[in-house]
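*Asks:* With our numbering as the guide, the letters of the sequence shown map in order to residues 36 to 348. Ideal Cβ placement from N, Cα and C applies to all residues, glycine included. Below you'll find the structure I mean.
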Amino acid sequence: MIIPILVAFSVALFVFLAVQLVATLTDREKRKLKQRLSVENRDNSTGGQNRSITLQQQNMGVLGGFNLVQKLGRRLTQAYPDASIDRFLMLMAGVAISAGGITFLISANGVAGFIAGAVAAYVPVIFINMKRAKRQRMLGDQLPEALDFLSRILRAGHSLSTGLQMMSEELPQPLANEFRRAYDQHSLGQTMEDCLKDMSTRIESTDFAFFVTAVLIQRQTGGDLSEVLGNISGMIRGRMRLQNHTKAKTAEGRFTGYILTAFPAVMFVVSYSLNPSYASVLLHGKGLMLLGVAFGFQMMGLYCIKKITTIRV
Numbered sequence: 036m037i038i039p040i041l042v043a044f045s046v047a048l049f050v051f052l053a054v055q056l057v058a059t060l061t062d063r064e065k066r067k068l069k070q071r072l073s074v075e076n077r078d079n080s081t082g083g084q085n086r087s088i089t090l091q092q093q094n095m096g097v098l099g100g101f102n103l104v105q106k107l108g109r110r111l112t113q114a115y116p117d118a119s120i121d122r123f124l125m126l127m128a129g130v131a132i133s134a135g136g137i138t139f140l141i142s143a144n145g146v147a148g149f150i151a152g153a154v155a156a157y158v159p160v161i162f163i164n165m166k167r168a169k170r171q172r173m174l175g176d177q178l179p180e181a182l183d184f185l186s187r188i189l190r191a192g193h194s195l196s197t198g199l200q201m202m203s204e205e206l207p208q209p210l211a212n213e214f215r216r217a218y219d220q221h222s223l224g225q226t227m228e229d230c231l232k233d234m235s236t237r238i239e240s241t242d243f244a245f246f247v248t249a250v251l252i253q254r255q256t257g258g259d260l261s262e263v264l265g266n267i268s269g270m271i272r273g274r275m276r277l278q279n280h281t282k283a284k285t286a287e288g289r290f291t292g293y294i295l296t297a298f299p300a301v302m303f304v305v306s307y308s309l310n311p312s313y314a315s316v317l318l319h320g321k322g323l324m325l326l327g328v329a330f331g332f333q334m335m336g337l338y339c340i341k342k343i344t345t346i347r348v
């Protein structure tokens with residue numbers, strides 16, 4: 036039973052990578068066209084509010100009315116800003132059908148095919164979550180330098196809108212893309228407050244929320260925004276140093292959790308390789324149920340260790 040599942044997941048992974056490659060190649064021209072249109076739209080801001088709403092909703096697709104699809108669409112946009120939720124759902128369906136169909140054809144077991152398809156359908160979601168987390172970390176690491184840069188721009192006498200434009204041109208990716216998006220929305224007629232709130236919603240970061248809140252308060256009450264941004268930048272850097280320190284202190288606990296989680300699976304594979312008749316007892320009847328229960332407890336243990344070793348700063 037292990038071989039059919041491995042074959043099914045291999046095919047599902049191949050389909051996933053193939054679709055990713057095709058989507059990347061086909062989106063190049065679309066991204067170039069969007070860039071040219073954004074430049075032209077900045078010179079013509081009539082009807083800006085309606086078009087800014089269109090820009091916000093362009094990636095939600097025809098199924099955007101469902102709450103689950105909206106949540107998945109937000110996560111997808113946070114991982115790939117130009118991605119389409121409809122295409123991603125088609126990718127999930129293709130991977131699920133491929134894995135489930137091949138598992139059913141090889142094993143002639145409908146339950147195994149359904150389980151393989153359901154698990155394989157979640158693989159793209161895991162990939163998106165990993166990509167989103169990586170991008171969020173990059174945005175957080177780039178934010179202090181961006182705030183210092185914006186503070187210097189404001190001290191030089193430039194406006195906040197000009198600061199957003201300069202940041203979109205000078206900062207590294209992916210942070211430059213977020214400020215470019217906010218500047219484009221503002222150029223199309225959306226208020227600066229709404230642009231910053233949309234950016235904070237897209238990024239979903241406490242540090243960005245501090246930045247946006249500071250700007251909104253300053254625009255209502257006045258004051259030296261450059262000094263406020265400098266203070267926020269220093270606070271974020273201090274928090275990042277403390278966070279890195281706690282990660283170093285809890286690294287041993289996290290590594291222990293990974294070892295304890297992987298050890299039973301490795302031992303099962305070794306036992307099956309050395310003596311298949313001894314380990315195959317777990318692949319039939321009640322053995323499968325025991326494996327399922329053991330896997331569930333393993334995941335619970337890993338979750339508890341992760342919660343213990345994760346300290347929010």
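How should L103 be labelled, buried or exposed, when 16 other C-beta atoms within 10 angstroms of its C-beta is the threshold for buried?
*Replies:* exposed
*Asks:* At the level of alpha carbons, what is the spacing between K106 and L309?
*Replies:* 46 Å
*Asks:* State the Cα-Cα distance for the pair G83 and T236, rounded to the nearest angstrom.
*Replies:* Reliability fails at G83, whose pLDDT of 43 lies under 50, so the model's placement of it is uncertain and no value is given.
*Asks:* Determine whether the beta carbon atoms of I252 and L178 lie at a separation below 8 Å.
*Replies:* Cβ atoms of I252 and L178: not closer than 8 Å.
*Asks:* Tell whether a beta-carbon distance below 8 Å holds between L174 and S240.
*Replies:* yes
*Asks:* In this structure, how does DSSP classify R347 when only helix, strand and coil are distinguished?
*Replies:* Three-state result, R347: coil.
*Asks:* Can you have a look at V130 and say buried or exposed, based on whether 16 or more other CB atoms are within 10 angstroms of its CB?
*Replies:* buried
*Asks:* Between which residues of its own chain and A114 is the CB-CB distance below 7 Å, once the five residues before and five after are set aside?
*Replies:* Only I163, K166, R167, R170 meet the Cβ criterion.
*Asks:* Is the segment 178-197 in contact with the segment 144-155, if contact means three or more CB pairs nearer than 8 Å?
*Replies:* no
*Asks:* Ignoring anything shorter than 4 residues, give me the alpha helix (DSSP H) runs that lie fully in the segment 191-221, in order along the chain.
*Replies:* 195-205
*Asks:* Just tell me which of V160, P207, S261, A151 has its CA closest to the CA of F125.
*Replies:* Here residue 125 is Met; the residue named in the question, Phe, does not match the sequence. For the residues V160, P207, S261, A151, the minimum Cα distance to M125 belongs to V160.
*Asks:* Find out if the Cβ-Cβ distance for the pair S268, L182 is shorter than 8 Å.
*Replies:* yes
*Asks:* At 4 residues or longer, and completely inside the segment 101-134: list those alpha helix (DSSP H) runs for me, N to C.
*Replies:* 102-114
*Asks:* Here's the rule I'm using: 16 or more other beta-carbon atoms within 10 Å means buried, otherwise exposed. How should G320 be labelled?
*Replies:* Burial call: exposed.
*Asks:* Can you tell me whether DSSP reads A143 as helix, strand or coil?
*Replies:* If DSSP states are grouped into helix, strand and coil, A143 belongs with coil.
*Asks:* Rounded to a whole number of angstroms, what is the C-alpha to C-alpha distance between L360 and V158?
*Replies:* With the chain represented from 36 up to 348, any question about residue 360 goes unanswered, as that position is not in the structure.
*Asks:* Could you compute how far the alpha carbon of S80 sits from the alpha carbon of L223?
*Replies:* Any answer about S80 is weak, because its pLDDT of 43 lies below 50 and its placement is not dependable; what the coordinates show is given next. Rounded to whole angstroms, S80 to L223 spans 5 Å at the Cα level.
*Asks:* Could you tell me the alpha carbon to alpha carbon distance between L90 and A283, rounded to whole angstroms?
*Replies:* Bear in mind that the predicted position of L90 carries a pLDDT of just 44, short of 50, making it unreliable; the figure below should be weighed with that in mind. Roughly 41 Å between the two C-alpha positions.
*Asks:* May I have the straight-line CA-CA distance separating G265 from T344, to the nearest angstrom?
*Replies:* 31 Å
*Asks:* Contact defined as beta carbons within less than 8 Å: I believe I238 pairs with G288. What is the distance between those atoms, to the nearest angstrom?
*Replies:* No, I238 and G288 are not in contact; Cβ-Cβ is about 29 Å, not under 8 Å.
*Asks:* Does the distance from the CB of T281 to the CB of I346 come in under 8 Å?
*Replies:* Going by C-beta atoms, T281 is nearer than 8 Å to I346.
*Asks:* With DSSP as the reference, label L323 as helix, strand or coil.
*Replies:* helix
*Asks:* Which residue from G327, S261, S119 puts its Cα closest to that of G192?
*Replies:* S261
*Asks:* Taking only three categories from DSSP, how would you classify E180?
*Replies:* helix
*Asks:* Measuring CA to CA, which of S142, C230, D121, A151 is closest to S133?
*Replies:* With distances taken between Cα atoms, S133 lies closest to A151.
*Asks:* Name the two residues that bound the continuous alpha helix (DSSP H) containing L231.
*Replies:* Element bounds for L231: 227-238.
*Asks:* Would you kindly check if the distance between the Cβ of G322 and the Cβ of V328 is under 8 Å?
*Replies:* no
*Asks:* The alpha helix (DSSP H) with G288 in it runs from where to where?
*Replies:* 286-309
*Asks:* Using DSSP with H/G/I as helix, E/B as strand and the rest coil, what is D259?
*Replies:* In the structure shown, D259 sits in coil (DSSP, three-state: anything other than H, G, I, E or B).
*Asks:* Between the C-alpha atoms of R254 and R190, what's the straight-line distance to the nearest angstrom?
*Replies:* 16 Å
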